[in-house]
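Comments concern the structure below.
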Amino acid sequence: MSIKNKACIGGIYEHPTRKAIDKSVPQLHAESAAGALADAGLSTEDVDAYYCAGDSPGLGPLSMIDYMGLKNVRHMDSTETGGSSYVVHVGHAAQAIAMGKASVALITLAGRPRAEGMATGTAPRNYSPAAPDVPFEFIYGPT
Numbered sequence: 018m019s020i021k022n023k024a025c026i027g028g029i030y031e032h033p034t035r036k037a038i039d040k041s042v043p044q045l046h047a048e049s050a051a052g053a054l055a056d057a058g059l060s061t062e063d064v065d066a067y068y069c070a071g072d073s074p075g076l077g078p079l080s081m082i083d084y085m086g087l088k089n090v091r092h093m094d095s096t097e098t099g100g101s102s103y104v105v106h107v108g109h110a111a112q113a114i115a116m117g118k119a120s121v122a123l124i125t126l127a128g129r130p131r132a133e134g135m136a137t138g139t140a141p142r143n144y145s146p147a148a149p150d151v152p153f154e155f156i157y158g159p160t
């Protein structure tokens with residue numbers, strides 16, 4: 018089955034907050050969702066599929082579906098592939114739409130790394146040498 022011409026991206030939103038001191042991660046997800054839905058001319062009532070990854074608190078999609086008041090979700094996905102999770106979600110959403118599992122998919126990403134004092138791209142990551150991917154990821158050392 019081809020997913021070609023079966024789905025399209027209807028709305029996008031980039032949250033304007035860069036250092037979210039006064040906002041929670043669920044709040045950032047909800048505000049980003051509202052912005053994307055508004056951009057697409059849709060509402061939460063239209064959403065029947067939801068996608069998120071490890072940045073979603075609690076039980077991931079279950080917690081966020083409840084928090085955002087999404088009442089019509091019949092398909093969800095919380096695939097976690099690191100920084101590429103949301104690209105994978107776009108593909109999974111297109112597949113779900115092509116197969117008739119959903120008609121409107123919502124994908125959210127949110128975080129507060131700056132508010133939590135994380136070095137985002139400015140400091141080396143410290144991974145356990147026991148992790149199975151370390152010999153492949155850090156063959157020349159972390160940069």
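Under the working numbering, think of the first position of the sequence shown as 18, with each following residue one higher. We put the CB at the ideal spot given by N, CA and C, even for glycine.
Point to revise | Buried/exposed call for P146, threshold 16 Cβ in 10 Å | key: Locating residue 146 in the sequence shown gives position 129, where the first residue counts as 1. Result: exposed.
Review point. Can you tell me where the beta strand (DSSP E) with A24 in it begins and where it stops?
Key: Translated into positions along the sequence shown, residue 24 becomes position 7. A24 -> no beta strand (DSSP E), and no H or E assigned at all.
Review point. Straight-line CA distance for Y103 to F153?
Key: Along the sequence shown, one-based indexing puts residue 103 at 86. Along the sequence shown, one-based indexing puts residue 153 at 136. Those two C-alpha atoms are separated by around 23 Å.
Review point. How big is the Cα-Cα spacing for V42 and H32?
Key: Taking the first residue of the sequence shown as position 1, residue 42 is located at position 25. Taking the first residue of the sequence shown as position 1, residue 32 is located at position 15. Approximately 12 Å between the Cα atoms of the pair.
Point to revise | Extent of the continuous alpha helix (DSSP H) to which Y103 belongs | key: Along the sequence shown, one-based indexing puts residue 103 at 86. Where Y103 is concerned, the enclosing alpha helix (DSSP H) stretches over 102-115.
Point to revise | contact_flag[the stretch 84-93, the stretch 18-33] where n(CB pairs < 8 Å) is 3 or more | key: Segments in contact, no.
Point to revise | Through-space distance from L76 to E48, alpha-carbon basis | key: Numbered from 1 along the sequence shown, position 31 holds the residue referred to as residue 48. Numbered from 1 along the sequence shown, position 59 holds the residue referred to as residue 76. Cα to Cα, the separation comes out at about 19 Å.
Point to revise | D39, DSSP secondary structure in three states | key: Position 22 of the sequence shown, counted from the first residue, corresponds to residue 39. In this structure, D39 counts as coil in the three-state DSSP scheme.
Point to revise | Span of the alpha helix (DSSP H), counted from its first residue to its last, around Y30 | key: Within the sequence shown, residue 30 is the residue found at index 13, counting from 1. Neither: Y30 is in no alpha helix (DSSP H) and is coded neither H nor E.
Point to revise | Touch test, the stretch 51-68 against the stretch 101-120, Cβ-Cβ under 8 Å, three pairs minimum | key: Yes: at least three Cβ pairs fall under 8 Å.
Point to revise | Element boundaries [beta strand (DSSP E), containing D94] | key: Along the sequence shown, read from residue 1 onward, the residue named residue 94 stands at position 77. For D94, the enclosing beta strand (DSSP E) stretches over residues 92-94.
Exercise for review: Name, in chain order, the residues that DSSP records as bridge partners for I124.
Suggested key: The count along the sequence shown starts at 1 and reaches residue 124 at position 107. Y68, per the DSSP bridge assignment.
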